[in-house]
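For reference, the structure discussed in these notes is given below.
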Amino acid sequence: MKREIDGILTKISYGYLSLPFLIFCMSWLNNWSAALFSIIILVSFYFILKTVKNDRESSMAVLRHPKQLIWILIAIVFIIFFSGIGSYTFQNDDHLYRNAIFRDLVKYEWPVIYHVKGFPGHFLDGKTTMMTYYLGYYLPSAALGKVFGYDFARFALFAWTVLGTILALYQVGKFLKRFNYKVLLLFFGWGTLFFIGSLYKYDFLKLFTDPEDNYLWAGMILYADSNLGMIYWTFNQSLTAWTIMLLIYNNGSSKNAVFLYALCFYLSPFAFAGFLPFILYYFWKNFEGKFSEIKDWKTNLLRYLSFQNTLGAALIFGLNYVYLSSNQAGKFFQMLSHSPRILIIFYLLSWAGIAIAIFSKYKKDPFYWLILAVLIPLPFFQQGYGIDFPGRLSIPALFFLMLLVGKFLIEERNLWKRIPVLIYLVISAGGHLFFETGKSILYTSAENISHKTTLDDRMMDSENTGIRKLGTHLKSLEGKNICIQDLGTVVNPKNPVIWNYMADIEGSRFYRWFAEK
Numbered sequence: 007m008k009r010e011i012d013g014i015l016t017k018i019s020y021g022y023l024s025l026p027f028l029i030f031c032m033s034w035l036n037n038w039s040a041a042l043f044s045i046i047i048l049v050s051f052y053f054i055l056k057t058v059k060n061d062r063e064s065s066m067a068v069l070r071h072p073k074q075l076i077w078i079l080i081a082i083v084f085i086i087f088f089s090g091i092g093s094y095t096f097q098n099d100d101h102l103y104r105n106a107i108f109r110d111l112v113k114y115e116w117p118v119i120y121h122v123k124g125f126p127g128h129f130l131d132g133k134t135t136m137m138t139y140y141l142g143y144y145l146p147s148a149a150l151g152k153v154f155g156y157d158f159a160r161f162a163l164f165a166w167t168v169l170g171t172i173l174a175l176y177q178v179g180k181f182l183k184r185f186n187y188k189v190l191l192l193f194f195g196w197g198t199l200f201f202i203g204s205l206y207k208y209d210f211l212k213l214f215t216d217p218e219d220n221y222l223w224a225g226m227i228l229y230a231d232s233n234l235g236m237i238y239w240t241f242n243q244s245l246t247a248w249t250i251m252l253l254i255y256n257n258g259s260s261k262n263a264v265f266l267y268a269l270c271f272y273l274s275p276f277a278f279a280g281f282l283p284f285i286l287y288y289f290w291k292n293f294e295g296k297f298s299e300i301k302d303w304k305t306n307l308l309r310y311l312s313f314q315n316t317l318g319a320a321l322i323f324g325l326n327y328v329y330l331s332s333n334q335a336g337k338f339f340q341m342l343s344h345s346p347r348i349l350i351i352f353y354l355l356s357w358a359g360i361a362i363a364i365f366s367k368y369k370k371d372p373f374y375w376l377i378l379a380v381l382i383p384l385p386f387f388q389q390g391y392g393i394d395f396p397g398r399l400s401i402p403a404l405f406f407l408m409l410l411v412g413k414f415l416i417e418e419r420n421l422w423k424r425i426p427v428l429i430y431l432v433i434s435a436g437g438h439l440f441f442e443t444g445k446s447i448l449y450t451s452a453e454n455i456s457h458k459t460t461l462d463d464r465m466m467d468s469e470n471t472g473i474r475k476l477g478t479h480l481k482s483l484e485g486k487n488i489c490i491q492d493l494g495t496v497v498n499p500k501n502p503v504i505w506n507y508m509a510d511i512e513g514s515r516f517y518r519w520f521a522e523k
């Protein structure tokens, strides 16, 4: 069993990624569609399991430091606990909408149908709509919530995220051929130095307390994130995308590659788009023979020919396209321009600085240049009304850049070349752990001290002016919810962006052709 750890975790990863779409087929579709499509996914999964081969080297490497593994698991649980996922600790503003989606998935019958009221002047007011969003990540936990209640669903979502983090981290370790604290620190510490711009522009304390003075110092579009930030803000998009990318790039079977890429479209559409150049690079790099020879094209195409790469992938691509295409929010698209000075600073803090630091090793590597070619143009495009293009399409490119940095630190023997990279990672890790996990610990502690102890009263009686002032502030929090963000439902009239999460059923081909009614 111990020697099969890699095979077991790889099979669990495929199950983790496939289960949400299977649940979607079984519960959102009419009977005939549900039966046919579920069979296709189950048969695809069966053939996928047949292709999984245990990597004995990775299996043995995992067991090399058993005590470290225990502490690594504890660290993962601790960090995810303070992400706010599951509504146990402080939540950032994105949870306002994520909680509403999740609560509706537990509360409403599937597919989720709304009768929109209370939005005068809105084009959806008075309409009957269907939840239309990349909701796959939530479905396993929400399904359990329908049986055991919302509180259990919250715990299931937390546990699902812990599992997803373990699977993604394992794939990183497999790629780097290391399973130790250093890989853990790279994974959670990796990110941009974007927060330095926030510290320069805004007052330090206001970054914690004033939503107007936030980290978006360069505007809504010029934004790049850290691994930790992606887990805390967009866990539903990042964790599955990272695992998909590495299941493909960690010498996974070519007979599953297209199926995995299709799952990325279902689970994380923006990462799917950002991954396109890298999946094309994967096909190119693994091409055997000459591009000018037709027989070589046939031979290579046969390597990808499988039930899961054809029928399975076609089903996921086709059904998800029909499902999402009726959502109007994603159809807004425009090209943008930026101040050259701000743009250069954004590039340097987001990825160019670290890319320059590892240039000497990768200057002849086409994969390195592909990463840069993807990251450079992203700020000039916008889809939707938020920070989706640079912030979300960069998920694959920034993650692959992290892997190159990891390889650089392992393989580079020149200390003077390693030092700038290590300094970068120390600053990145310190900044993001402080602003994400540290902020959560601070807010969670403040609310619990105020609500559940008398410490604030004792602090107010202190002779120390500073302690009295802090006690007064904690006392003012009594009865206030400063941690949990929740609209209660997507159709809460206070939700300013309801069109992001639903579509009018009158214009929905998915509703007409496939949905359970």
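Numbering (the numbering used here), first residue to last: 7 to 523.
Note that CB positions come from ideal geometry on N, CA and C, so glycine has one too.
### Message
On the DSSP bridge list, what partners appear for His526?
### Response
This structure gives no information on residue 526, because the portion of the chain shown stretches from 7 to 523.
### Query
Around the C-beta of Asn37, are 16 or more other C-beta atoms found within 10 angstroms, so that it is buried, or is it exposed?
exposed
### Query
According to DSSP, is Ala230 helix, strand or coil?
coil
### Query
Helix or strand or just coil, what does DSSP make of Leu35?
Three-state result, Leu35: strand.
### Buried or exposed by the 16-neighbour rule on C-beta atoms within 10 Å, applied to Thr167
Residue environment analysis places Thr167 among the buried positions, since at least 16 neighbouring C-beta atoms fall within 10 angstroms of its C-beta.
### Task
Answer with buried or exposed for Asn506, where buried requires no fewer than 16 other C-beta atoms within 10 angstroms of its C-beta.
buried
#### Entry: For Ala509, the residue or residues it bridges with in DSSP
Met136
### Query
On the three-state DSSP scale, how would you describe Gln177?
Gln177 falls in the helix class under three-state DSSP.
### Query
Looking only at C-alpha atoms, which of Glu484, Gly197 and Gly170 sits nearest to Ile360?
Of the listed residues, the one whose Cα sits closest to Ile360 is Gly197.
### Query
Around the C-beta of Glu484, are 16 or more other C-beta atoms found within 10 angstroms, so that it is buried, or is it exposed?
Under this definition Glu484 is an exposed residue.
### Backbone CA spacing between Asp219 and Ile455 [nearest angstrom]
With a pLDDT of 47 at Asp219, under the threshold of 50, the predicted position of this residue should be treated as unreliable, though the coordinate-derived value follows. So the alpha carbons of these two residues sit roughly 26 Å apart.
### Task
Note down the Cα distance separating Phe339 from Thr471, rounded to an integer number of angstroms.
54 Å
#### Entry: Inter-residue Cα distance where the pair is Ile429 and Ser366
17 Å
### Message
Please state whether the Cβ-Cβ distance between Leu141 and Leu111 is less than 9 Å.
### Response
yes
### Task
Return helix, strand or coil for Asp219, following the three-state DSSP convention.
For Asp219, the pLDDT reaches just 47, beneath the cut-off of 50, and the residue's location in the model is therefore unreliable, leaving the point undetermined.
#### Entry: Coil, strand or helix - Phe293 by DSSP
DSSP places Phe293 outside both helix and strand once states are collapsed to three, so it counts as coil.
### Query
What residue range is occupied by the uninterrupted beta strand (DSSP E) comprising Phe387?
Looking at the DSSP string, the run of the beta strand (DSSP E) that includes Phe387 is Phe387 to Gln389.
### C-alpha gap between Ser64 and Asn333, whole angstroms
Roughly 43 Å separates the two Cα atoms.
### Message
At the level of alpha carbons, what is the spacing between Ile14 and Trp116?
### Response
The alpha-carbon of Ile14 is positioned some 32 Å away from that of Trp116.
### Task
State the beta-bridge partners of Ala3 as determined by DSSP.
A question about residue 3 goes unanswered here, because the residues of the chain that appear run from 7 up to 523.
#### Entry: Straight-line gap, Phe88 to Ile76 (C-alpha atoms, nearest Å)
Distance between the alpha carbons of Phe88 and Ile76: 19 Å.
### Task
Tell whether a beta-carbon distance below 9 Å holds between Leu314 and Phe53.
According to the sequence shown, residue 314 is Gln rather than Leu. Yes, these two residues count as a Cβ contact at 9 Å.
### Query
How many Å lie between Lys59 and Ile18 at the Cα?
Those two C-alpha atoms are separated by around 13 Å.
### Query
DSSP on Gln491, reduced to helix/strand/coil?
coil
### Query
Which residues does DSSP pair with Gln340 in a beta bridge?
Gln340 is bridged by DSSP to Gln388.
### Task
Could you pull the start and end residues of the alpha helix (DSSP H) that Glu418 belongs to?
From DSSP, Glu418 is part of no alpha helix (DSSP H); its letter is neither H nor E.
### alpha helix (DSSP H) runs wholly inside the segment 254–304, at least 4 long, in chain order
263–273 and 275–291
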